[in-house]
Amino acid sequence: MVSEVITDITEAEQGTSLWKDAWLRLRKNHLALVGLVVLVFMIVIALLTPWIAPYSYETQNLELGASAPSAQHWLGTDIFGRDLLTQIMYGGRISLAVGFVATSVALVIGVTWGAIAGYVGGRTDAIMMRLVDIMYALPFMIFIVLLMVVFGRNMLLLFLAIGAVEWLTMARIMRSQVQTLRQQEFVEAAISLGLSPGTIIRRHLIPNALGPIIVYTTLTIPSVMLLEAFLSFLGLGVQPPKTSWGLLISYGAETMEEFPWLLIFPGLALSITLFCLNFLGDGLRDALDVRRSKD
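Those letters in the sequence shown? Residues 25 to 319, per my numbering, in order.
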């Protein structure tokens, strides 16, 4: 009996962290775990594609042309006789890179901007958010097109350009969250202890706003992928012989009546990724919500 009491006291003294507590809750969400496993699998496949792809993505067989799935080409070939499975694997590398890198750029800008505006308040907040309103009114697609035309079709520039126009909504969400948290007692306690505004924002406000940030991230990655597909369709994004899921879907849509597999399989790859992101995002949102009970 005494040993059990001592064990309980020891556990209470050790306590738990936000991330450990969140992981314990996330493990109970089976859909989120499935989404996480599938996403990790796709990322690993994308990283290993140059070594495990069945064919070279540049290899063409014009005599073969567009052929249905077979033992030699599991997902068929496109109109140039290129293996579709290989194209999807290489396309996943670019689509996932665009989604994650551009979203990371948007999050860094949006979270920083919104947190500063919400915490400082007053005239600083008014000026910063009016700038956001002005940028909302600008035609961002034209902005991206101009960047690509002026500086060339550079993949890194594509990542930065898309991320630089996707941060506005995150800034508004973060500002709203910080304004709410700013009135909480733990923030007032941190101020009374003499912590700097930067420390309070980094260590107290942003961690407590992770739920909305995660949800917005899962919504931004798919929209970024679709934006990249649209730019590729206009000839300003990914260019052959390189490819992406969006570019493959665009090609497949043009020939779907004759060769439906050219649209079905790239569409499935993109759809499965988006579903997994949504499942994982919902699970992380619930797991990182500090107001939820541990059970």
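Note that the Cβ used here is the ideal one computed from N, Cα and C, for glycine as well.
Tell me which residues share the same chain as residue i and place their Cβ nearer than 7 Å to its Cβ, disregarding the 5 neighbours each side in the sequence.
{"i": "P221", "result": "Y143"}
{"i": "I67", "result": "L120"}
{"i": "V169", "result": "L260"}
{"i": "V239", "result": "G305, R309"}
{"i": "T244", "result": "T127, A130, E190"}
{"i": "L171", "result": "L181, A185"}
Select from the options the residue whose C-alpha is nearest the C-alpha of residue i.
{"i": "F283", "options": "F104, A46, L71, V61", "result": "F104"}
{"i": "N85", "options": "L243, W47, F124, D102", "result": "D102"}
{"i": "S247", "options": "E87, A77, F124, I76", "result": "F124"}
{"i": "D310", "options": "L219, L181, I237", "result": "I237"}
{"i": "L187", "options": "T204, F164, A92", "result": "Checking the sequence shown, residue 187 turns out to be Gly, not Leu. The candidate whose alpha carbon is nearest that of G187 is F164."}
{"i": "L205", "options": "S216, P231, G218, L219", "result": "P231"}
{"i": "F254", "options": "Y240, T241, Y275, Q208", "result": "Y275"}
{"i": "P74", "options": "A277, I296, K266", "result": "K266"}
{"i": "L298", "options": "E278, T241, Q208, L258", "result": "T241"}
{"i": "A6", "options": "V173, L217, Q111, L171", "result": "The requested residue 6 is not part of the displayed model; the chain covers only 25 to 319."}
{"i": "L258", "options": "M153, V173, E87", "result": "V173"}
Could you check what DSSP says for residue i in three-state terms: helix, strand or coil?
{"i": "D107", "result": "strand"}
{"i": "T244", "result": "helix"}
{"i": "A101", "result": "In the sequence on display, residue 101 carries Thr and not Ala. Strand at T101."}
{"i": "Q201", "result": "helix"}
{"i": "A233", "result": "coil"}
{"i": "K266", "result": "coil"}
{"i": "R82", "result": "Note that residue 82 is Glu in the sequence shown, not Arg. E82 falls in the coil class under three-state DSSP."}
{"i": "S216", "result": "helix"}
{"i": "L16", "result": "What is shown of the chain runs 25 to 319, which leaves residue 16 out entirely."}
{"i": "K44", "result": "helix"}
{"i": "R226", "result": "helix"}
{"i": "E252", "result": "helix"}
{"i": "A95", "result": "coil"}
{"i": "G134", "result": "helix"}
{"i": "E87", "result": "coil"}
{"i": "G261", "result": "coil"}
{"i": "R206", "result": "coil"}
{"i": "A77", "result": "coil"}
{"i": "G116", "result": "helix"}
{"i": "R51", "result": "coil"}
Who are the near neighbours of residue i in its chain, counting only those whose CB is closer than 6 Å to its CB and skipping five residues on each side?
{"i": "M280", "result": "L287"}
{"i": "G303", "result": "Reading off the sequence shown, one finds Phe at residue 303, where the question assumed Gly. Around F303: L55, A56, G59."}
{"i": "I224", "result": "A214"}
{"i": "A195", "result": "G134, W137, G138, V156"}
{"i": "A70", "result": "G116, R117, L120"}
{"i": "N343", "result": "With the chain represented from 25 up to 319, any question about residue 343 goes unanswered, as that position is not in the structure."}
{"i": "K44", "result": "none"}
{"i": "L271", "result": "S256, V262"}
{"i": "D149", "result": "A141"}
For residue i, which residues in the same chain have their Cβ closer than 8 Å to its Cβ, ignoring the five residues on either side in sequence?
{"i": "V122", "result": "L182, F183, I186, V248, M249, E252, S268"}
{"i": "G100", "result": "A90, S91, A92, P93, S94, L108, F283, W285, L286, F289"}
{"i": "I273", "result": "A253, L287, P290, G291, L294"}
Check your understanding: What runs of the alpha helix (DSSP H), each 4 residues or longer, lie entirely inside the stretch 275 to 316?
Key -> For the stretch 275 to 316, whole alpha helix (DSSP H) runs of length 4 or above, ordered along the chain, are 285 to 311.
Exercise for review: Indicate whether the contact test is met: 3 or more Cβ pairs, each with one atom in the stretch 72 to 88 and one in the stretch 111 to 119, closer than 8 Å.
Suggested key: Segments in contact, yes.
Exercise for review: Could you say if the stretch 90 to 101 and the stretch 44 to 56 meet the contact criterion of at least three C-beta pairs nearer than 8 Å?
Suggested key: In this structure the stretch 90 to 101 does not lie against the stretch 44 to 56, because fewer than three pairs of beta carbons, one per stretch, are closer than 8 Å.
Review point. Whole alpha helix (DSSP H) runs in the stretch 144 to 194 with 4 or more residues, listed along the chain?
Key: 146 to 160, 164 to 175, 179 to 188, all fully within the stretch 144 to 194.
Review point. Okay, do the stretch 185 to 196 and the stretch 126 to 141 touch, 3+ Cβ pairs below 8 Å being the bar?
Key: When Cβ pairs closer than 8 Å are counted between the two stretches, the stretch 185 to 196 is seen to touch the stretch 126 to 141, the count reaching three or more.
Practice item. Could you say if the stretch 155 to 162 and the stretch 200 to 213 meet the contact criterion of at least three C-beta pairs nearer than 8 Å? Key: Result no; under three Cβ-Cβ pairs closer than 8 Å.
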